[in-house]
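Each residue of the sequence shown is one higher than the one before, counting from 3 in my numbering.
Even glycine gets a Cβ: it sits at the ideal position worked out from N, Cα and C.
One structure is given here, and the rest of the page talks about it.
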Amino acid sequence: MKTLHSVLILAGAAIAGCGSEPSKPTPISAPEVASVSPTRASNTDTATVVIRGSGFAAGAVALVGIRTLTGAVLVSPEEIRGVVPSGISTGLYGVRVRNRDGGTGTLASAFRVTGPGMTHNGEISEDEIWQLRDSPHVVSGEVQVRGSSSPALTIEAGCRVLFQNGARLVVGDGAPGRLIASGETGGIEFTSSLSPGNEERGSWGNVALFGDSSAVLRNCRFRFGGGPTLGGLPPCLLLLTNASAMVDDCLFEESAGAGLHLGDESALLSFSGCTFRRSSGPHLSLRLERSKGLAAGHLFDDGIIEIRPGTMAGDLYWPGAGAAYRIGANLVLRGTLTLGSGVALEFASGIKLEAGVETPGGLVAAGEEGAPVRFRSDRTQPAPGAWAGLHFGPLLLSGSRLDHTEIRHAGGSGQPAAVVCDGAAPRIQDSRVESSASLGVIYRAGARPVSFVRNVIVGSATHAIELPASGLAGIAADNSFSGNGAAGLIVDGGVVTESGLWSAFGLSSPYLIRGDIEIRAASRPIVTVTPGATLRFQSGCGLLVGAPEGSTESGALVVERGTAPTILTSPDRPGVPQQPGDWEGIVFLDTSDDETSRLEGCVVEYGGAGGLGNVRCRNASPVLRDVLLQWSAGYGLYLEGASEPDTAGVTCQFNTLGAVGP
Numbered sequence: 003m004k005t006l007h008s009v010l011i012l013a014g015a016a017i018a019g020c021g022s023e024p025s026k027p028t029p030i031s032a033p034e035v036a037s038v039s040p041t042r043a044s045n046t047d048t049a050t051v052v053i054r055g056s057g058f059a060a061g062a063v064a065l066v067g068i069r070t071l072t073g074a075v076l077v078s079p080e081e082i083r084g085v086v087p088s089g090i091s092t093g094l095y096g097v098r099v100r101n102r103d104g105g106t107g108t109l110a111s112a113f114r115v116t117g118p119g120m121t122h123n124g125e126i127s128e129d130e131i132w133q134l135r136d137s138p139h140v141v142s143g144e145v146q147v148r149g150s151s152s153p154a155l156t157i158e159a160g161c162r163v164l165f166q167n168g169a170r171l172v173v174g175d176g177a178p179g180r181l182i183a184s185g186e187t188g189g190i191e192f193t194s195s196l197s198p199g200n201e202e203r204g205s206w207g208n209v210a211l212f213g214d215s216s217a218v219l220r221n222c223r224f225r226f227g228g229g230p231t232l233g234g235l236p237p238c239l240l241l242l243t244n245a246s247a248m249v250d251d252c253l254f255e256e257s258a259g260a261g262l263h264l265g266d267e268s269a270l271l272s273f274s275g276c277t278f279r280r281s282s283g284p285h286l287s288l289r290l291e292r293s294k295g296l297a298a299g300h301l302f303d304d305g306i307i308e309i310r311p312g313t314m315a316g317d318l319y320w321p322g323a324g325a326a327y328r329i330g331a332n333l334v335l336r337g338t339l340t341l342g343s344g345v346a347l348e349f350a351s352g353i354k355l356e357a358g359v360e361t362p363g364g365l366v367a368a369g370e371e372g373a374p375v376r377f378r379s380d381r382t383q384p385a386p387g388a389w390a391g392l393h394f395g396p397l398l399l400s401g402s403r404l405d406h407t408e409i410r411h412a413g414g415s416g417q418p419a420a421v422v423c424d425g426a427a428p429r430i431q432d433s434r435v436e437s438s439a440s441l442g443v444i445y446r447a448g449a450r451p452v453s454f455v456r457n458v459i460v461g462s463a464t465h466a467i468e469l470p471a472s473g474l475a476g477i478a479a480d481n482s483f484s485g486n487g488a489a490g491l492i493v494d495g496g497v498v499t500e501s502g503l504w505s506a507f508g509l510s511s512p513y514l515i516r517g518d519i520e521i522r523a524a525s526r527p528i529v530t531v532t533p534g535a536t537l538r539f540q541s542g543c544g545l546l547v548g549a550p551e552g553s554t555e556s557g558a559l560v561v562e563r564g565t566a567p568t569i570l571t572s573p574d575r576p577g578v579p580q581q582p583g584d585w586e587g588i589v590f591l592d593t594s595d596d597e598t599s600r601l602e603g604c605v606v607e608y609g610g611a612g613g614l615g616n617v618r619c620r621n622a623s624p625v626l627r628d629v630l631l632q633w634s635a636g637y638g639l640y641l642e643g644a645s646e647p648d649t650a651g652v653t654c655q656f657n658t659l660g661a662v663g664p
């Protein structure tokens, strides 16, 4: 008793000295809880979790709700590992970490405890609700939702639907049915019944809608589906026949087949904000006319969006969302298809894109620097000609353009070029055409280049471009042609009615001319050839400036002087030497613009067909300065009528009939 009495006295003295109850120590710092993984577990078993955050101290206690984790280990000030005990009531709990000094951090509503779950199979012919309190819901075999009253299966927010191997949920097969899975407040997960970490693509079948069925799917997660099923259908979410659905803010992940397959007659009444990633098959498969919803904020990782054959009705926009659009049949545009920056279109063998060929259509490829629009083959290692290419026709809609695009390995299946322009042409700027099995670009049937600037054509089997002479002015000097099989440009004959520049493009042989070119119009066009250009004329062809006497049309030719001479000559034919008279030559006619026309520092050779001259003047008097005229079948310079050209430094050599005649 004496000892007890002493203790009581000392205790009383301590209280008297403080004057009040002792206060708890002030926390040095409060920890922060950032995440917990996994975020749920069944109360029928224990679950190991990892809590991450900051400020965790030695001796810290971790709790789920009011239950302390057992065997908790402080891995670092940023991580604690422990075990959630079994037997906790179902519900959503906060996760707390409390340091020994009393500092506490909490992540509210972070961990869900579920019950043992319910197993479902067979047919649902009346309205049924799968409640959160019974989650997880396990699907065994096949669950059918159908009946004469169009029964609805409603899945509450927060539920997990676990599918056993090959299991599937089918709505409306043979009779109407409805699926309502609206997970706005907590999400709904459709996934494998395998334990976390053991799931794999194709662990379960799919959710399939048939006939006149319908579904509302919001904030749902479809994971590890798309495997072999009782019906053998591989997509994770499948809509067939007349099925319709609202699919918004959903995740499709790790599917063995397509993430979402939209059948030919089915419809998405709402489709926005979905994420597709890491699927073995296409992320999304749908018909062309159903692709309008692709602009609604979806996210795709590297993968495929399969565009199946269909009839385009109205304008479409395809965003650059990470995945490539796979085109398995000729893509015929009726309306305007706009492609956002970074879009990639992959074409199967022999397939092409058509715009304006038989019906009005347009293409706007709106790439940007660093994020071009790519047109390519669907093969892993494509060769030139792996697909056909782009074909634009006379009904091409205004505003069509190729800006910052890449067109590779086209020109196959008989298409004469990677880009064919028949009767109309889009604007082409800052684009690259590479490895065509034929030409790079062809303009025909009256088509002419529209703002063809800063483009690169490389590696074409034949030439870079084929076009009429009237279109040469539309090919800007800042284009680049290299590594093509022959000359840079094939130029068909015709009348040039607009002033323009014919550039050398840095090539030793940029032009192959296959018909007479006439420079004449009432507007008096001026054609200027830059130094270093080489113009090769096929047999019988000539370059005519102006028109015969009596015409009101005129024109001028200016060949500029530079460090490298401009050469006007005959074709370079392997094994066949060039011959005098291979082509007609340059002809200045009566109405040529003598005050403007001039040839300086150039070479004209192997012309004079018909025994005339490399340069022929008929009542015309252009300026010739430091010009070499050689290897003519007639004269170097042939003068008719009142021609008095201003010549200085003109050299004539190796001409059959002499220097000047007749």
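Would residue i and residue j qualify as a contact pair, given that the criterion is a beta-carbon distance under 8 Å?
i      : j      : result
Arg600 : Thr571 : no
Gly174 : Arg203 : no
Thr593 : Ser556 : yes
Ala258 : Ser287 : no
Leu2   : Gly364 : A query on residue 2 cannot be resolved here, the shown segment of the chain reaching from 3 to 664 and no further.
Gly473 : Ala439 : no
Val115 : Gly96  : no
Arg456 : Asp432 : yes
Which residue wins for smallest C-alpha separation from residue i, given the options the options?
i      : options                           : result
Phe212 : Ser556, Phe483, Thr156 and Asp266 : Asp266
Glu191 : Gly179, Asn244 and Arg223         : Arg223
Phe608 : Val629, Ala622 and Glu586         : For the record, residue 608 in the displayed sequence is Tyr; it is not Phe. Of the listed residues, the one whose Cα sits closest to Tyr608 is Glu586.
Pro624 : Leu631, Val605, Gly636 and Ser645 : Ser645
Asn123 : Glu144, Val115 and Ala323         : Glu144
Phe507 : Ile477, Ala346 and Tyr319         : Ile477
Asp250 : Arg280, Gly189, Arg310 and Gly199 : Gly189
His263 : Thr46, Val209, Arg336 and Leu469  : Val209
Val66  : Pro362, Ile90, Val75 and Arg135   : Ile90
Val359 : Leu404, Gly534 and Asp424         : Asp424
Leu626 : Gly613, Cys654 and Gly583         : Cys654
Pro582 : Leu614, Arg170 and Glu551         : Leu614
Arg289 : Arg280, Ala297, Ile307 and Phe278 : Ile307
Pro451 : Ala427, Val578 and Gly496         : Ala427
Gly416 : Arg434, Thr407 and Pro386         : Pro386
Sort out for me which residues DSSP pairs residue i with in a bridge.
i      : result
His393 : Glu356 and Val422
Ile68  : In DSSP, Ile68 forms no bridge with anything.
Trp132 : Ile157
Met120 : His139
Ser37  : Arg54
Phe507 : Partner(s): none; Phe507 has no beta bridge.
Ser594 : Gly557
Thr340 : Tyr319 and Val366
Asp494 : Pro470
Quick check on residue i: does DSSP put it in helix, strand or coil?
i      : result
Arg220 : strand
Gly295 : helix
Thr658 : coil
Ala247 : strand
Gly476 : helix
Leu290 : helix
Ala323 : coil
Ala315 : coil
Ala665 : Residue 665 lies beyond the residue range present for the chain, which begins at 3 and ends at 664; the question has no answer from this structure.
Ala471 : helix
His263 : strand
Ala412 : coil
Tyr608 : coil
Val629 : coil
Gly14  : Because the pLDDT at Gly14 is just 35, under 50, the model does not fix this residue reliably, and the point stays unresolved.
Ser645 : coil
Arg308 : First, the residue type needs correcting, since residue 308 is Glu and not Arg in the sequence shown. In the structure shown, Glu308 sits in a strand (DSSP, three-state: E or B).
Leu242 : coil
Gly651 : coil
Ala110 : strand
What I want to know is whether the C-beta of residue i ends up closer than 7 Å to one or more non-hydrogen atoms of the ligand COA.
i      : result
Gly168 : Inclusion of the ligand COA in the displayed structure is not the case, the ligand content being empty and no account of it being possible.
So does the segment 391 to 410 actually touch the segment 462 to 474, counting three or more Cβ pairs closer than 8 Å? No, they do not touch.
Count the CB pairs spanning the segment 80 to 88 and the segment 118 to 131 that are closer than 8 Å, and state whether there are at least three. no
Count the C-beta pairs between the segment 365 to 380 and the segment 331 to 346 that are closer than 8 Å, then say yes if the count reaches three, no if not. yes
Hey, is the segment 154 to 163 in contact with the segment 133 to 144, meaning 3+ C-beta pairs nearer than 8 Å? By the Cβ rule, the segment 154 to 163 counts as touching the segment 133 to 144, because three or more pairs are nearer than 8 Å.
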